[in-house]
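Novice: What follows is a single structure, and I will ask about it in a moment.
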Amino acid sequence: MHVFFEQENLDAYLSGFFWILKLTGASAVLALGFGVLLAAMRVSPIPVLRGVGTAWVNIFRNTPLTLVIFFSFFGLFSTLGLEFSDELDTNQFWLGVVGLSAYTAAFVCEAFRSGINTVPPGQAEAARAVGLTFAQTLRIVVLPQAGRAVIAPLGSVLIALCKNSTIVGTIGLLESSNIMKQLINDNGDAVIEIFLVFAGTFAVVLIPTGYVFGWLANKLAVRR
Amino acid sequence: MSTVLYDYPGPRAKRRNVVLTVLFGIAIAALLWWVYQKFADAGQLEGRLWKPFTEAATWRNFILPGLRATLLAAFTGMILSLAFGIFFAVGRLSEHWWIRLPVGAIVEFFRAVPLLIMIFFIFYGVPFLIQGPVPIFWALVIGLTLYNGSVLAEAFRAGIRAVPRGQSEAAYAVGMRKSQLMRYILVPQAARAMLPVIVSQLVVLLKDTALGYIIAYPELLQRGVNDLAANFGNVIQAAIVVAVIYIIINSLLTLFANWLDRRTRRLGIRVPGGTGALRTTGAVDGA
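So the protein sequences, as listed, match chains A and B. Under our numbering, the first residue of the first sequence carries the number 1, and numbering increases by one thereafter. Under our numbering, the first residue of the second sequence carries the number 225, and numbering increases by one thereafter.
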């Protein structure tokens, strides 16, 4: 373990994962908000909104994230001049967040839409039959059931987002994968150790997260 | 159009919908106009930036070779991950704990590690171990295989477990061995039941080949956007053209998956939780 006993390397390791944490956190919040909005558009009775929602989902779900992040740096920033900060890494960070959120929102939208679709139409029909208004139907009958069905897919989306945030390294942010590459190049005698520490950090955090979401989804599942 | 959320619209709801359609239509048109203006202000709508795409040489020298490399990596990765997936799914269902546990640990590990970390290790780390270079193509393909193969292993496992017990009992009753049971009875039925999930994961794999750009494998993003834009100074236009190519290929694969889904639904093997739920998790389980 000699590589990580050196303060300099340990700091690099920590800062790499701190970026991952920040990327995941910021993108999760934005993608959740935007994804819910897209889902609302896709189930709305207004064709224009449905069209926009569908287009967004189809475009971003079928484009590689690497291309999206590449575009947000070389397209939005370098060519169109969208700049978040004078500081290089802060700017890279926010451009990465823009790309990650735009991409992840498409998957969040699909998770919510499939959640709403798991509620049998009879439930809403019954709600209307007993005289509930649209808002009441949504609040009391549909969303509580849809919310439970959404837990498992949302968990997968969050885990994928955390792993995907390493791709922001493409535009030069010194997140965990770039730090690992540097450490490997500087310490050719300890590559297995370095890999196991970096990969292990992800595994130790993400495998239990997956089980917790699975357990929660199972516990809260609507028995039909 | 009626979903779970609202009824068939009556006259009042119809009128309201028309008003809202017009309002939102104007808002979205305004938004698109704003984007158009931004592009125009930055001089991004000039014909000369799009002109390279009307010339055969651009396609011959940049886009098509990139597409070929992308498809080659994707195709090799697909074959290898399917093999890996079946092998590890069967291993994880083994009756021997000394096979089941390590195989389970390997599958869980590769599913949790970001593909980029995997690829960097293979491309930059392994050469130190074997004292020689790792070909860029194989660094990408092996990374893709380990990750997507592990996800597919879980899909196969769910599929195998969804085959009714009577099938295995009948196979044992007619004197089949465990290996024959897997090969002739369980895996074919599981593969058919899980086809939609499998194809969705293959779409993920195809998209993930774009990670090859980061280690300079000459695939579609590298050749069609990076190198092409370096020559013509049209990074936005190149990115849009390449994105459209990716979207077309993936949409075709998805249409194929949906067609298979409709076809296989008739076969009557139900995966617990429904193929739909599994497909959603499968499809989002990638970069």
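Where is the CB? At the ideal position from N, CA and C, for every residue including glycine.
With distances taken between CB atoms, is the gap from residue 290 of chain B to residue 444 of chain B smaller than 9 angstroms?
Specialist: Counting from one through the second sequence, the residue named residue 290 of chain B turns up at place 66. Counting from one through the second sequence, the residue named residue 444 of chain B turns up at place 220. Yes, the Cβ-Cβ distance between residue 290 of chain B and residue 444 of chain B is below 9 angstroms.
Novice: How is residue 118 of chain A classed by DSSP in three states: helix, strand or coil?
Specialist: By 1-based counting over the first sequence, the position of residue 118 of chain A is 118. The answer is coil: DSSP assigns residue 118 of chain A none of H, G, I, E or B.
Novice: Taking all protein chains shown into account, do 16 or more other C-beta atoms lie within 10 angstroms of the C-beta of residue 35 of chain A, making it buried, or fewer, making it exposed?
Specialist: On the first sequence, residue 35 of chain A is found 35 positions in, with the first residue counted as 1. By the 10 Å Cβ count, residue 35 of chain A comes out buried.
Novice: Based on Cα-Cα distance, which residue from B:314, B:346 and B:229 lies nearest to residue 235 of chain A?
Specialist: The first residue shown for chain A is 1 and the last is 224, placing residue 235 of chain A beyond what the model contains.
Novice: Just checking: is the beta-carbon of residue 231 of chain B within a distance shorter than 9 angstroms of some beta-carbon in chain A?
Specialist: On the second sequence, position 7 is the one that residue 231 of chain B refers to. So yes, residue 231 of chain B belongs to the interface.
Novice: Which value, in whole angstroms, describes the spacing of the CA atoms of residue 497 of chain B and residue 423 of chain B?
Specialist: In the second sequence, the residue the question calls residue 497 of chain B occupies position 273. In the second sequence, the residue the question calls residue 423 of chain B occupies position 199. Legend: pLDDT at residue 497 of chain B = 44, less than 50; position of this residue unreliable, no value from coordinates given.
Novice: Could you tell me the distance, in whole angstroms, from the CA atom of residue 13 of chain A to the CA atom of residue 54 of chain A?
Specialist: Here residue 13 of chain A refers to the residue found at position 13 of the first sequence. Here residue 54 of chain A refers to the residue found at position 54 of the first sequence. Taking the straight line joining both Cα atoms gives about 40 angstroms.
Novice: In angstroms with no decimal places, state the Cα-to-Cα distance between residue 337 of chain B and residue 362 of chain B.
Specialist: Numbered from its first residue, the second sequence carries residue 337 of chain B at position 113. Numbered from its first residue, the second sequence carries residue 362 of chain B at position 138. Rounded to the nearest angstrom, the two C-alpha atoms are 18 angstroms apart.
Novice: Between the Cα of residue 224 of chain A and those of A:165, A:119 and A:128, spot the shortest distance and give me the residue it belongs to.
Specialist: Stepping through the first sequence from its first residue, residue 224 of chain A is reached at position 224. Among A:165, A:119 and A:128, the Cα nearest to that of residue 224 of chain A is on A:119.
Novice: Strictly below 9 angstroms CB to CB, what residues from chain A border residue 459 of chain B?
Specialist: Numbered from its first residue, the second sequence carries residue 459 of chain B at position 235. Here the neighbours are 70, 71, 74, 75, 78 and 79.
Novice: Let's test the definition: count the other Cβ atoms within 10 Å of the Cβ of residue 218 of chain A and tell me whether it reaches 16, buried, or not, exposed.
Specialist: Here residue 218 of chain A refers to the residue found at position 218 of the first sequence. It is exposed - the Cβ of residue 218 of chain A has fewer than 16 other Cβ atoms within 10 Å.
Novice: What is the DSSP secondary structure of residue 84 of chain A, reduced to helix, strand or coil?
Specialist: The residue labelled residue 84 of chain A in the question sits at position 84 within the first sequence. In the structure shown, residue 84 of chain A sits in coil (DSSP, three-state: anything other than H, G, I, E or B).
Novice: State yes or no: is the C-beta of residue 328 of chain B within less than 9 angstroms of the C-beta of residue 372 of chain B?
Specialist: The sequence position of residue 328 of chain B within the second sequence is 104, counting from 1. The sequence position of residue 372 of chain B within the second sequence is 148, counting from 1. It is not a contact, given that the beta carbons lie outside the stated cut-off.
Novice: What are the boundary residues of the alpha helix (DSSP H) that includes residue 392 of chain B?
Specialist: What you label residue 392 of chain B is simply residue 168 of the second sequence in a count that begins at 1. Counting along the chain, the alpha helix (DSSP H) containing residue 392 of chain B begins and ends at 389-397.
Novice: Could you tell me the boundaries of the alpha helix (DSSP H) in which residue 455 of chain B lies?
Specialist: The residue given as residue 455 of chain B occupies position 231 in the second sequence. Per DSSP, residue 455 of chain B belongs to the alpha helix (DSSP H) from 452-456.
Novice: Taking the beta carbon of residue 226 of chain B as the centre, do at least 16 other beta carbons fall within 10 Å, making it buried, or is it exposed?
Specialist: For this step, residue 226 of chain B is matched to residue 2 along the second sequence. Confidence in residue 226 of chain B is poor, its pLDDT being 47 and thus under 50, which makes the residue's placement too unreliable to answer from.
Novice: Pick out whichever of B:278, B:407 and B:249 has its Cα sitting closest to the Cα of residue 314 of chain B.
Specialist: As a position in the second sequence, residue 314 of chain B is number 90, starting the count at 1. The option with the nearest alpha carbon to residue 314 of chain B is B:407.
Novice: State yes or no: is the C-beta of residue 430 of chain B within less than 9 angstroms of the C-beta of residue 298 of chain B?
Specialist: Sequence index remark: in the second sequence, residue 430 of chain B carries index 206 (1-based). Sequence index remark: in the second sequence, residue 298 of chain B carries index 74 (1-based). Contact flag set, yes.
Novice: Taking the beta carbon of residue 86 of chain A as the centre, do at least 16 other beta carbons fall within 10 Å, making it buried, or is it exposed?
Specialist: Sequence index remark: in the first sequence, residue 86 of chain A carries index 86 (1-based). Exposed: under 16 other Cβ atoms inside 10 Å.
Novice: Round the Cβ separation of residue 339 of chain B and residue 367 of chain B to the nearest angstrom and send it over; I've been treating them as touching at under 8 angstroms.
Specialist: Your numbering for residue 339 of chain B matches position 115 in the second sequence. Your numbering for residue 367 of chain B matches position 143 in the second sequence. Confirmed, Cβ separation roughly 6 angstroms.
Novice: Using the rule of at least 16 other Cβ atoms within 10 Å of the residue's Cβ for burial, across every protein chain shown, is residue 10 of chain A buried or exposed?
Specialist: By 1-based counting over the first sequence, the position of residue 10 of chain A is 10. The residue in question, residue 10 of chain A, is exposed, as its Cβ has fewer than 16 Cβ neighbours within 10 Å.
Novice: Rounding to the nearest angstrom, what Cα-Cα distance links residue 344 of chain B and residue 49 of chain A in this structure?
Specialist: Indexing the second sequence from 1 puts residue 344 of chain B at position 120. Indexing the first sequence from 1 puts residue 49 of chain A at position 49. Going by the C-alpha atoms only, they are around 41 angstroms apart.
Novice: Please decide whether residue 177 of chain A counts as near chain B, where near means a Cβ-Cβ distance under 9 angstroms.
Specialist: Against the first sequence, residue 177 of chain A aligns to sequence position 177. Chain B, which has a Cβ nearer than 9 angstroms to the Cβ of residue 177 of chain A, makes this yes.
Novice: Have a look at residue 303 of chain B and residue 235 of chain B and give me their C-alpha separation to the nearest angstrom.
Specialist: In the second sequence, the residue the question calls residue 303 of chain B occupies position 79. In the second sequence, the residue the question calls residue 235 of chain B occupies position 11. Rounded to the nearest angstrom, the two C-alpha atoms are 55 angstroms apart.
Novice: Pair every Cβ in the segment 61-76 of chain A with every Cβ in the segment 90-104 of chain A, then say whether three or more of these pairs are closer than 8 angstroms.
Specialist: Output reads yes: the segment 90-104 of chain A touches the segment 61-76 of chain A.
Novice: Going along the chain, which residues of its own chain have a beta-carbon closer than 7 angstroms to the beta-carbon of residue 268 of chain B, five neighbours each way excluded?
Specialist: As a working note, residue 268 of chain B is residue 44 in the second sequence. Closer than 7 angstroms at Cβ, skipping near neighbours: 460.
Novice: Give the C-beta separation of residue 20 of chain A and residue 165 of chain A to the nearest angstrom, bearing in mind that I take them to be a contact with Cβ-Cβ under 8 angstroms.
Specialist: By 1-based counting over the first sequence, the position of residue 20 of chain A is 20. By 1-based counting over the first sequence, the position of residue 165 of chain A is 165. 5 angstroms between Cβ atoms; contact.
Novice: Is the beta carbon of residue 416 of chain B less than 9 angstroms from the beta carbon of residue 317 of chain B?
Specialist: What you label residue 416 of chain B is simply residue 192 of the second sequence in a count that begins at 1. What you label residue 317 of chain B is simply residue 93 of the second sequence in a count that begins at 1. Cβ distance not < 9 angstroms, so residue 416 of chain B and residue 317 of chain B don't count as in contact.
Novice: Just mark residue 279 of chain B as buried or exposed, buried being the case when its beta carbon has 16 or more other beta carbons within 10 Å.
Specialist: One-based indexing of the second sequence puts residue 279 of chain B at position 55. Answer is exposed; the Cβ neighbour count stays below 16.
Novice: Please give the ranges of any alpha helix (DSSP H) in the segment 133-215 of chain A, keeping only runs that are unbroken, at least 4 residues long and fully inside the region.
Specialist: List check, alpha helix (DSSP H) in window: 143-164 and 176-186.
Novice: Check whether the segment 20-30 of chain A touches the segment 153-171 of chain A, taking contact to mean three or more Cβ pairs, one atom from each stretch, closer than 8 angstroms.
Specialist: Output reads yes: the segment 153-171 of chain A touches the segment 20-30 of chain A.
Novice: Quick one: is residue 288 of chain B near chain A, going by C-beta distance under 9 angstroms?
Specialist: Position 64 of the second sequence, counting from 1, holds the residue named residue 288 of chain B. It does not: the Cβ of residue 288 of chain B has no partner Cβ on chain A nearer than 9 angstroms.
Novice: Under a CB-based cut-off of 9 angstroms, is residue 282 of chain B close to chain A?
Specialist: What you label residue 282 of chain B is simply residue 58 of the second sequence in a count that begins at 1. No, its Cβ sits nowhere closer than 9 angstroms to a Cβ of chain A.
Novice: Strictly under 9 angstroms for the Cβ-Cβ distance: is residue 185 of chain A near chain B by that measure?
Specialist: The residue given as residue 185 of chain A occupies position 185 in the first sequence. So, interface residue.
Novice: Give the secondary structure of residue 437 of chain B by DSSP, where H, G and I count as helix, E and B as strand, and everything else as coil.
Specialist: Locating residue 437 of chain B in the second sequence gives position 213, counting from the first residue. The answer is helix: DSSP assigns residue 437 of chain B an H, G or I state.
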